[in-house]
Amino acid sequence: MSGNSGIGSAKITGIGYYLPEKILTNFDLEKMVDTSDEWIVTRSGIRERRIAAEHEAASDLAYEAAKMAVEKAGIDIKDVDLIIVATVTPDMTLPSTACIIQEKLGAMKAAAFDLSAACSGFIYGVATAQSMIGIGHIKKAIVVGVEVLSRIVDWEDRATCVLFGDGAGAVVLEACEKGEGIIGTYMQSDGSLGELLYRPGGGTRLPFNEEMIRERQHYVKMKGDGLFKIAVRSMVDAAEKTLDEAGVKKKDIDYLIPHQANIRIIEGVRKRLKLEKEQVVVNIDRVGNTSSASIPIALGELNESGTLKKGDLVIMVAFGGGLTWGSILFRN
Ligand SMILES: CC(C)(COP(=O)(O)OP(=O)(O)OC[C@H]1O[C@@H](n2cnc3c(N)ncnc32)[C@H](O)[C@@H]1OP(=O)(O)O)[C@@H](O)C(=O)NCCC(=O)NCCS
């Protein structure tokens with residue numbers, strides 16, 4: 030699903046992010062599972078990741094990121110019409126994490142809901158908010174990507190626990206003229222491949238009980254090699270479709286912000302899109318895979334570094350469980 034067919038569009042006017050203080054290095058992991066810094070760095074590009082403190086839940090991280098985005102945008106929180114929180118690790122099933130941060134932020138005019146699209150969640154959230162703004166239903170939205178994956182990964186499974194981290198990123202979107210701000214969006218899913226990355230237990234199919242927990246079904250399961258190939262192909266496809274639809278050439282892109290799942294996936298996408306290394310935003314070495322938070326954290330860091338300039342053309346591309354993938358093209 031692609032396009033930007035509304036009467037107007039939305040632009041990003043504020044960016045925020047939050048990383049928990051605790052750093053877990055590959056050397057720390059060497060003491061926990063049978064792995065090595067060398068294996069993790071060469072296979073994934075990850076050196077360390079952040080882990081939420083015991084008292085921190087998804088809404089605490091999301092709140093910090095959203096608060097920063099709102100401050101940067103300089104908007105009155107009372108004017109926010111919509112809050113979308115993309116997450117697969119909400120505080121609880123009910124109420125939504127979006128409603129929890131709505132109250133904390135004081136955005137009492139807003140409608141708030143969570144969105145589940147795994148690592149593509151932030152892209153799906155921005156595309157959803159952009160289309161609601163674009164057709165004129167609303168004027169201001171906050172979109173957050175947040176994960177506390179450390180609570181759902183199996184710390185005895187070396188194939189997954191070394192890859193993931195915790196964090197949050199957020200943007201404020203405001204109405205603008207069509208042709209400014211977000212100029213292309215793309216979302217796609219393939220539900221037939223859900224078992225490549227899933228968490229079988231803890232929902233209504235396999236509710237919490239002693240047997241389910243004993244069989245470790247409440248942890249994330251992943252078929253890494255299967256995901257790898259599809260990740261590169263689908264992210265390139267999403268980027269190309271978004272660019273084509275918007276009539277933008279690859280050579281005009283200033284920055285690619287890819288989902289940070291694996292440095293080799295990022296490199297594969299970069300090469301196929303014929304971009305230079307300097308054009309690709311990478312922070313996987315410091316934060317690992319933070320799923321729906323990965324792109325807004327990278328965007329936030331790029332913005333804070335002062336590198337992102339007004340007028341820059343940026344493409345954000347994600348891929349994740351579901352399977353889901355998608356892309357957002359915007360002019361800063
Ligand atoms: C997971 C991933 C890093 C593995 O890399 P890889 O190059 O496919 O790994 P290889 O096939 O070379 O190695 C697998 C071997 O390493 C072992 N291994 C797995 N994790 C390990 C670890 N942390 N430390 C040491 N060895 C490990 C496996 O047991 C396997 O051993 P075997 O061959 O004896 O069975 C890679 O497949 C990947 O990143 N896939 C995509 C994952 C992803 O993106 N997930 C999120 C989607 S949003």
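Be aware that the sequence shown starts at 30, since it is given in our numbering, and climbs by one per residue. Think of the CB as a built atom: it goes at the ideal place given N, C-alpha and C, for glycine as much as any other residue.
Apart from the 5 residues on each side of it in sequence, alanine 139 sits with its Cβ closer than 7 Å to the Cβ of Val109, Asp110, Leu111, Ile112 and Gln131 in its chain, given in chain order. At a Cβ-Cβ threshold of 8 Å, valine 316 and arginine 72 do not count as neighbours.
Serine 323 sits away from valine 175, with the two beta carbons spaced by 8 Å or more. Secondary structure within the stretch 268 to 320: the beta strand (DSSP E) runs of 3 or more consecutive residues, fully enclosed, are 284 to 287 (chain order). At the C-beta level, alanine 275 and serine 356 stay beyond 8 Å of one another.
Beta-bridge partners of glycine 45 (DSSP): Ala199.
Assignment of isoleucine 167 by DSSP, reduced to helix, strand and coil, places it in the coil class. Distance from the Cα of leucine 192 is smallest, within the candidate group Arg299, Glu67, Ala102 and Ala290, for Ala290. Approximately 10 Å separates the beta-carbon atoms of lysine 96 and glycine 135; this is outside 8 Å, ruling out the contact. Of the candidates Asn361, Gly329 and Tyr284, the residue whose Cα lies closest to the Cα of isoleucine 344 is Tyr284. Of the residues assessed, aspartate 281 falls on the exposed side of the cut-off, its CB having fewer than 16 other CB atoms within 10 angstroms.
DSSP, read as helix, strand or coil, puts threonine 353 in strand. Cβ neighbours of isoleucine 104 within its own chain (closer than 8 Å, five residues either side excluded): Thr42, Gly43, Lys169, Val201 and Glu203. Of all C-beta pairs linking the stretch 171 to 191 to the stretch 73 to 92, three or more are shorter than 8 Å, placing the two stretches in contact. Put simply, the stretch 139 to 148 touches the stretch 115 to 129. At least three CB pairs are less than 8 Å apart. By the CB criterion at 8 Å, serine 38 and glycine 232 fall outside the cutoff.
Close CB contacts of cysteine 148 within its chain, under the 8 Å cut and outside five residues either way in sequence, are with His288, Ala290, Asn318, Ser320, Ser321, Ser323, Ala347, Phe348, Gly349, Gly350 and Thr353 (chain order). Taking aspartate 219 as reference, the option from Gly196, Arg228 and Ser263 with the minimal CA-CA separation is Ser263. Contact check for alanine 87 against threonine 116 passes: the beta carbons are separated by less than 8 Å.
Following the DSSP letters along the chain, one finds alanine 140 inside the beta strand (DSSP E) bounded by residues 140 to 144. Note on geometry: alpha-carbon atoms of glycine 253 and alanine 199 lie some 28 Å from one another.
Within the same chain, Thr54, Asn55, Asp66, Ile69, Val70, Asp314 and Arg315 come within 8 Å of arginine 76 by CB-CB distance, once the 5 residues on both sides are set aside.
Assigned with DSSP and collapsed to three states, phenylalanine 56 falls in helix.
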